[in-house]
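Trainee: Below is a structure I'd like to ask you about.
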Amino acid sequence: MPEILVIIAASGDATDGAERSTSREVAHVAQDIASQMGWQWGKVFVPTDYIDACAEALAQHAQSARLLLMAATAKGKDLMARVAGHLAAPLAQDCVGYRVDVSTIIFRRPLYGGKLLADVQYAASPVLATFRPRTQPALGAAADVLQHVIGLAPEADPRVRVERREAETGRALDVTEAAIVVSGGRGMQGPEHWPILEELVSVLGPRATLACSRPVSDEGWRPRAEHVGQTGRSIAPDVYVAVGISGAIQHVAGIAGSRCIIAINKDAAAPIFEVADYGIVGDLFAVVPALTKAIRVLKAR
Ligand SMILES: Cc1cc2nc3c(=O)[nH]c(=O)nc-3n(C[C@H](O)[C@H](O)[C@H](O)COP(=O)(O)OP(=O)(O)OC[C@H]3O[C@@H](n4cnc5c(N)ncnc54)[C@H](O)[C@@H]3O)c2cc1C
């Protein structure tokens, strides 16, 4: 059994081996720690439909591992919390960094909605950690490592029955995986105004996608999967464009890892400007189309 296990959520059939870029980022962490510690690492594919049964099976499988790593997606955080419970092991959730100090692994994780960064280490084995998407480089070539698939029969969890699966329609790019995120808040005034953001996303190219603040998804203006913040997705894109978003602490908690934040807001005193690298004070209904037009002109050159 390798000392480090990278847990990969496989949709539906665990044998499909689906690996998203978030898992390749965690694999990069595993490979790096393994080389510094002189350890082996391997992958474990798990079906997360039956999360309770899956956590139990994974805890049994991982008993002799030293470190379990997974992407800090909603499924990843949910599963790893349960596995930590089964193993009575410590869990560093939503890490944004790590380092190896002699033979100790130190994890860096945000606290108080990203206002503080804590470096944590544990004198226990195994230790569990999840890594926030897009905070680590992805492992390029598929490494030749041990792979294990945990298979569960549907009756493994009698409370859950998967009847059918529907692929998400619309943009394929998940908000946690996008390099550029254009996010709309209550200042957008209604779902009928989203085409101006969609147009901006489309000129920004295939690595861009849409997100929103919580009231926007609560109102049903946009799908819940787009909601970022403390109670939504945590993201770390290269560029985050906040449009008509005030910048409440709960919102900023989910976007603080962004490398560059651009805010568009008509209120110069909006808190979003305190965390923004660039700010445009103005009416979004004038600013966004002008920005889209300017980018289109620049790209045409
Ligand atoms: C426990 C808890 C958890 C929460 N979790 C989250 C979370 O995960 N994510 C999240 O987003 N929120 C979360 N919230 C809610 C959060 O506190 C804020 O209420 C919310 O983020 C505000 O959303 P908003 O910025 O879209 O709206 P508002 O605060 O209403 O801001 C709208 C902004 O749009 C600007 N504006 C209006 N019209 C225009 C215009 N024409 N042009 C330019 N600017 C304009 C206004 O100046 C204003 O700054 C949570 C709250 C609680 C209590």
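Everything in the sequence shown is counted per the working numbering, starting at -17 for the first residue and increasing by one. Beta carbons are placed, not taken as given, at the ideal position from N, Cα and C, and that holds for glycine. Values in this document were obtained by computation on a predicted structure and should not be read as measured data.
Straight-line CA distance for Phe255 to Ser195?
Mentor: One C-alpha to the other measures close to 16 angstroms.
Trainee: Go through its chain and collect everything with a Cβ distance to Ile132's Cβ below 8 angstroms, but skip five positions before and after it.
Mentor: So the qualifying residues of the chain are Ala(-4), Val26, Phe27, Val28, Pro29, Cys36, Ala39, Leu40, His43.
Trainee: Which two residues bound the contiguous beta strand (DSSP E) that contains Ala224?
Mentor: Its beta strand (DSSP E) spans residues 221 to 225.
Trainee: When DSSP labels each residue in this structure, what does Leu93 get in the three-state scheme?
Mentor: Of the three classes helix, strand and coil, the one that applies to Leu93 here is strand, per DSSP.
Trainee: For ligand 1, any of its heavy atoms closer than 8 angstroms to the Cβ of Ile132?
Mentor: Outside the cutoff, so no.
Trainee: Using the C-alpha atoms, what's the distance from Asn247 back to Ala268?
Mentor: Their backbone Cα atoms lie some 11 angstroms apart in a straight line.
Trainee: Alpha carbon to alpha carbon, how far is Ala54 from Gln212? Give it in angstroms, no decimals.
Mentor: Their backbone Cα atoms lie some 13 angstroms apart in a straight line.
Trainee: Is there at least one non-hydrogen atom of ligand 1 closer than 8 angstroms to the beta-carbon of Leu179?
Mentor: No, Cβ of Leu179 sits at least 8 angstroms from all heavy atoms of ligand 1.
Trainee: Hey, which unbroken runs of the alpha helix (DSSP H) at 4 residues or more fall wholly within the stretch 28 to 61?
Mentor: Listed in chain order, they are 33 to 43.
Trainee: Determine whether the beta carbon atoms of Ser(-11) and Met62 lie at a separation below 9 angstroms.
Mentor: For the record, residue -11 in the displayed sequence is Ile; it is not Ser. Yes, the Cβ-Cβ distance between Ile(-11) and Met62 is below 9 angstroms.
Trainee: Applying the 10 Å Cβ sphere with the 16-neighbour rule, what's the burial state of Asp249?
Mentor: Exposed, because fewer than 16 other Cβ atoms sit within 10 Å of the Cβ of Asp249.
Trainee: Go through its chain and collect everything with a Cβ distance to Glu181's Cβ below 7 angstroms, but skip five positions before and after it.
Mentor: Closer than 7 angstroms at the Cβ level, and outside the excluded window around Glu181, lie Thr274.
Trainee: At a threshold of 8 angstroms, does Asp76 count as lining ligand 1 (C-beta to nearest heavy atom)?
Mentor: Asp76: no, Cβ never under 8 angstroms from ligand 1.
Trainee: From Ala100 to Gly239, what does the alpha carbon distance come to, in whole angstroms?
Mentor: Answer to the nearest angstrom: the Cα atoms are 14 angstroms apart.
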